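Each residue of the sequence shown is one higher than the one before, starting from 1 at the first, in full-length UniProt numbering. Where is the CB? At the ideal position from N, CA and C, for every residue including glycine. Computed from a prediction, not measured in an experiment: that's the story for all the values here.
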Amino acid sequence: MTTAQRQVELRFDAVEIDRKWQERWERDGIYRVDDNDHRPKWFEMTMYPYPSGDLHIGHWYAMAPSDAHARFRRMQGYNVLHPIGFDAFGLPAENAAISRGIHPYEWTMSNVENMRRQLRSMGTVYDWEREVVCCLPEYYRWNQWFFTKLYERGLAYRAKAPVVWCPSCQTVLANEQVLNGVCERCETTITRRDFEQWFFRITDYADELLDFDTLEEWPDKILTMQRNWIGRSEGVDIGFDISDYGIEEREIRTFTTRIDTIFGVTFLVLAPEHPLVSKLTSDSRRAEVEAYVGQARASSEIDRLSADRDKTGVFIGAYARNRLSNEQVPIYVADYVLTTYGTGAVMGVPAHDQRDYDFARKYRLPVRTVIAPITWDGREPTEAFIGDGFMTNSGAYEGMTNEEGIEAIAKDVEKRGWGHRTVTYRLRDWLISRQRYWGTPIPMVYCDECGVQPVPEADLPVLLPEDAEFRPTGESPLAINESFVNTECPKCGGPGRRETDTMDTFMDSSWYMLRYCTPQFSDGPFEPQATSDWMPVQQYTGGAEHAVMHLLYSRFFIKSLRDMGMLDIDEPFLRLFNQGVILGSDHEKMSKSRGNVVNPDDVVGQVGADAVRCFLMFIGPWDQGGPWSDEGINGVVRWLNRAWNLVEHDPAQLDDSATDTVTVRETQRILHQTIRKCYEDLDKFKFNTTIASLMELVNHLSRVWNDGSIDSATWRESIEKFLLMLAPIAPHVAEEWWERAGHGYSIHQQSFPSWDEELAAEDELTLVVQVNGRLRDRITVPASIEDDDARERALESPKVQSHIDGQDRAERRVRPRPPGQRGGGLAGHNMGDVNVWLGIWTADGSAILDVPVKVDTGSTYCQLPANILRTLGWEATDGTRTYQLADGSRGLAQVGMVKIRFHDVDGMEWFVFGESSDIKLFGVEALQNFSLGVDPVNHRVIHIAPDPIPTSG
């Protein structure tokens, strides 16, 4: 915060309050976790930080809300394990050590100590006795132990493989670490090399990793990312004849999921790394092909597969024979084909694959239709047809549907020995070798007599030498350290050489949740019984960027340990929540170059930890993130000042004889509604609406104190329960104010307040009055009103009277209203399935559609069928569950002002939806469901509800 912007001062010493209670909590061990506690266990984790220096505000945004949620669970009566650790190995530490001339251990542990201080200043509920630091031998020895166990089971192996190489960092990179052909760390153009590498056979678990049945409380986007990353495909492996070229290989193997299009093949494409490229390339084409291959190998797989990238390739001067059509087709090399997927060779079917179509058009290759829709007129297509149809230009399979053709051709290919049905995966085995120093040494020894031997358990850990030379050479720094390299063979006792690569740091995070359970255990990586009692983790929070690495590797690791008999669970994390990103005040990603970085230490030193915690949780939904704002901090400070004033008030000053019973009832209603709202919202990580509810409560209490209309007993109850609701979010001031209010230590050992449904109930509701299917008035009536009385009150409305003159009152009806709702509607009143019509018109009266939809009145939600959503400009991405606004389509936001009307068979209107602000929400947000109840705040007759569809609906 700048001096000019720091206009609001706290009326209490927040910094001193922070210090006071942090020291007290630490001294008393109030957050120490007892494995033998009789309360139900709740294991909640946030992804541990990398100790790169200081905690930045992004760390606070990830950790403060998760801390609030863990505190909430404590107040619900759980024995909560909410641990912390440090992801302390990795290349940045090594590079920093090189640039600073210090040892990576010294640099890392200095940062760890600083971040411990900062995390304590946040007021976290961590049990520091369970801390893990991955660069310490007592942790990484178990990385080595796990490696040897995986090796014994054949899940760890060594093989030569092409890898992405950064010439500057002098190490192998994962595909995800390459952006636009350069290293994401140093922005050096990458190359490819062939190395002997260590791998874990994660592909052995590919099908099981696609089983998401127990991950119902993971975000759909994470599951989709993992599903796509694993990339399971069923198809046919078929060979194209190259026997005329006099080489050892007699055919090019290709994999296709559309064997029905085999007669439409007009070219083949080989990956640049395919071994047949050099063998088949003609002399006249060799120079051009080799230049292209060299260029392609400098690009990452992600870049090469980009849909936005122009397709390129080079003819190699050779042909292959399609055995089914007996045609010779040209062979190209192109970088959009990978050796890591399928066979590294692709058959080009431009009429039925858009990527092949674009390639064929660019290089003037034939386009032959072999699957045709009924409406096909025989002309060459202007784009690839990928739908179902009838086979044409397909020899003996002419006239079959393409589904029939797939089965018939697959059988014939297998019968003739030309190919076989198979399953392939995009997922590759996990390459764990790194040619750097600062990581876990791989515990293997090479012996000329005995071959590769694992280091025995008794000799673990294999320690990192303290005298390593860190200069990047292309080999691991360990390779030039003779005292490390030279050792004895564990099997024969003869001379041996240690493996000098270190492990990928994702090894550390693949099992750290297990170590949290018993971090002091020395007889194994974890104590079996205690770990069984705590695992799996009930709630995990962290960034979505870890979807296809850390989260996938952890799932693989737990399943492999289960198969070794070490665990009895299938998944590490039952629930997953991804927080958003905190941006700079300019709404841009924070960076030193932009000058928009916020140092949390500075802000905490000015306004205390709780103001920062509250602001970060209030700026918007936690999964969406938002911009930092100095004015926003000021707003939170003003609110905390008002809350401080309330706590400082002496209830004895209230004159109970002057109490207003209406005010007392209103206060009770607002208080119990707030408790219910905060309980439900904290449970769902809706911190922003939790704080908004507390702000409304503070405003109400300030008003009733000022006008003296509340009694002392209701006041005391309101303040006490307000502080209990505040405690998870602002733990320091809640503890301080709890003490000042005369309560015993500690508020963080109290239960979250409960609410009374009767006290929380509304005294009045808004009645929607319609005449002949059109909204004519809204009137306020008692919540307990009977239908007959409601009808009479509606008929007394002048707006209604002007529209019913001369009509028989016996036809007036009152639609069922669910208990506890302020407005009319179907939601919550179970009458079974009801058919209603959905009509949509533009402002000029033009109908877009008017179709029947079935509403389950026992559910809160109505789900629109996929075809209707498509009419509205939406696309179904998963058949029936998830929808998104189609790019460039005519969504409601593009149509302009429209009216959406639900009506029953006889024309009686149920709901009208036509305000421009609503249209924006309905169209742009493109949510899959919406509430049919009346919004109790703004009384709109229909509103968006972003919650998932209940199973009953």
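On the CB-based measure, 16 or more other CB atoms within 10 Å of its CB, does residue i come out buried or exposed?
i              : result
tyrosine 883   : Any reading at tyrosine 883 needs caution, since the residue's pLDDT is 30, under 50, leaving its predicted position unreliable; the model's value is listed next. Classification of tyrosine 883: buried, given that the 10 Å Cβ count is 16 or more.
cysteine 614   : buried
proline 495    : exposed
glutamate 403  : exposed
aspartate 656  : exposed
glycine 154    : exposed
asparagine 326 : exposed
lysine 559     : buried
serine 509     : buried
glycine 395    : exposed
asparagine 830 : Note that asparagine 830 scores 34 on pLDDT, short of 50, meaning its location in the model is unreliable and no value can be drawn from it.
glycine 123    : buried
alanine 794    : buried
leucine 463    : exposed
glycine 387    : exposed
isoleucine 247 : exposed
asparagine 634 : buried
residue 981    : Here the chain has residues from 1 to 953 only, and residue 981 is not among them.
tyrosine 745   : exposed
aspartate 353  : buried
In the DSSP assignment, find the unbroken beta strand (DSSP E) run with residue i in it and report its ends.
i              : result
isoleucine 406 : Run containing isoleucine 406: none in the beta strand (DSSP E); it sits in the alpha helix (DSSP H), 402-416.
residue 954    : Residue 954 lies beyond the residue range present for the chain, which begins at 1 and ends at 953; the question has no answer from this structure.
cysteine 447   : 444-447
leucine 767    : 764-771
glycine 542    : 539-542
I'd like the list of long-range same chain contacts for residue i, defined as Cβ closer than 6 angstroms, with 5 residues on each side in sequence excluded.
i                : result
aspartate 35     : Ala530
phenylalanine 68 : One detail in the question is off: residue 68 reads as alanine in this sequence, not phenylalanine. Only Pro728 and Ile729 meet the Cβ criterion.
asparagine 111   : Pro51 and Gly53
glycine 141      : One detail in the question is off: residue 141 reads as arginine in this sequence, not glycine. Cβ neighbours of arginine 141 beyond the five flanking positions: Leu460 and Pro461.
glutamine 668    : Leu759
aspartate 260    : Asn402, Gly405 and Ile406
For residue i, I'd like the list of residues in its chain whose CB is within less than 7 angstroms of its CB, leaving aside the five on either flank, ordered along the chain.
i             : result
valine 182    : Thr188, Thr189 and Ile190
alanine 372   : Gly389, Phe390 and Thr392
aspartate 171 : In the sequence as presented, aspartate is not what sits at residue 171; that position holds threonine. If we look at threonine 171 and ignore the five residues flanking it on each side, its Cβ neighbours are Leu91, Arg434, Gln435 and Arg436.
Can you name, in chain order, every residue of its own chain whose Cβ lies under 8 angstroms from the Cβ of residue i, other than the five neighbours on each side?
i              : result
aspartate 127  : Tyr31, Arg32, Val33, Leu81, His82 and Pro83
arginine 185   : Leu91, Pro92, Asn95, Cys166, Cys169 and Gln177
arginine 562   : Asp568, Ile569 and Asp570
proline 621    : Gly580, Lys686 and Asn688
valine 485     : Leu478, Ala479, Arg497, Arg498 and Thr500
aspartate 763  : Arg665, Arg669, Pro782 and Ala783
methionine 535 : Phe43, Met513, Leu514, Cys517, Leu567, Ile569 and Pro572
Report the CB separation of residue i from residue j in whole angstroms; it is logged as a contact under 8 angstroms.
i              : j                 : result
serine 278     : glycine 317       : No, serine 278 and glycine 317 are not in contact; Cβ-Cβ is about 12 angstroms, not under 8 angstroms.
lysine 415     : phenylalanine 359 : The Cβ separation is near 32 angstroms, so there is no contact.
serine 718     : leucine 701       : 6 angstroms
glycine 580    : threonine 46      : 14 angstroms between Cβ atoms; not a contact.
methionine 564 : lysine 149        : 6 angstroms
leucine 365    : valine 163        : The Cβ separation is near 33 angstroms, so there is no contact.
arginine 130   : tryptophan 644    : That pair is no contact at about 35 angstroms.
alanine 64     : methionine 617    : 7 angstroms
glutamate 44   : glutamine 539     : 4 angstroms
threonine 766  : arginine 776      : With 8 angstroms as the limit, threonine 766 and arginine 776 do not qualify as a contact, their Cβ atoms being about 14 angstroms apart.
tyrosine 139   : arginine 515      : 7 angstroms
tryptophan 229 : glutamate 457     : Tryptophan 229 to glutamate 457, Cβ: 34 angstroms. No contact.
tyrosine 397   : alanine 408       : 6 angstroms
Hey, quick one: how far does the alpha helix (DSSP H) through residue i stretch, first residue to last?
i             : result
cysteine 517  : 512-517
tyrosine 679  : 661-683
lysine 160    : No alpha helix (DSSP H) contains lysine 160, which is instead part of the beta strand (DSSP E) from 156-166.
glutamate 757 : 757-760
- prompt: Per the contact definition of three or more C-beta pairs closer than 8 angstroms, is the stretch 264-272 in contact with the stretch 324-337?
  reply: A contact exists between the stretch 324-337 and the stretch 264-272.
query: Does the stretch 474-491 touch the stretch 423-443, meaning 3 or more C-beta pairs lie closer than 8 angstroms?
result: In short, these stretches touch, since the Cβ pair count reaches three.
query: Can you find at least 3 beta carbon pairs, one from the stretch 566-584 and one from the stretch 203-220, that sit closer than 8 angstroms?
result: Taking a contact to require three or more Cβ pairs closer than 8 angstroms, the stretch 566-584 and the stretch 203-220 qualify as touching.
message: Does the structure place the stretch 195-212 close enough to the stretch 388-396 that three or more beta carbon pairs sit under 8 angstroms?
response: No, they do not touch.
- prompt: Pairing CB atoms from the stretch 10-24 with CB atoms from the stretch 590-609, are three or more of them under 8 angstroms?
  reply: Counting C-beta pairs with one atom in each stretch, the stretch 10-24 and the stretch 590-609 have three or more that are closer than 8 angstroms, which means they touch.
query: Is the stretch 280-296 touching the stretch 378-386, taking contact as three or more C-beta pairs under 8 angstroms?
result: Between the stretch 280-296 and the stretch 378-386 there are fewer than three C-beta pairs closer than 8 angstroms, too few to call the two in contact.
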